Amino acid sequence: MKRATPTRPPRDNRETAAAIDALGARVTRLEREQRLLRTTTCAIAREAGVTIGGPCSRCGRSYVLVASNTMRCPACGDGRSM
Ligand SMILES: [Zn+2]
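Just so it is clear: in the sequence shown, position 80 is 79 by numbering that gives the first Met the number 0, and no numbers are missing.
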C-alpha cells in the first residue's frame, strides 16, 4: 500500500535545513539590531526629557512620546493631553 504523503528526497531536506539556518541567522541579526536601536532610542529620549509610551492606538506605526503631560505619535501626529 502506498503512503499518503510522499517522502521528500534528501536534497530537499538539505535545502530546507539550509533555509532554516539562514532564517535563524537572520532572526539573530535582527534581534541584535533591535536591541541596539532600543538602547539608542531610550538614551535619546532620556536626553530629550521624553518618555516612550505604548504603541500608537491610532496608526500603530510608532510608540507615542510623552512629554509635559502630552502624548504624541511621531508617525501620524496624533496627540492628546494626559
Ligand atoms: Zn500614530
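Glycine residues also receive a C-beta, built at the ideal position from the N, C-alpha and C atoms. All figures in this text were calculated on a predicted structure; none of them were measured in a lab.
- For residue 79, the uninterrupted beta strand (DSSP E) run begins and ends at 78–80, by DSSP.
- Where residue 66 is concerned, the enclosing beta strand (DSSP E) starts and stops at 62–66.
- Placement of the Cβ of residue 58 at a distance of less than 7 angstroms from at least one heavy atom of ligand 1 is found.
- Taking the Cβ of residue 74 as the reference point, at least one heavy atom of ligand 1 falls within a distance shorter than 7 angstroms.
- The alpha carbon of residue 57 has as its nearest neighbour, out of 35, 76, 28, the alpha carbon of 76.
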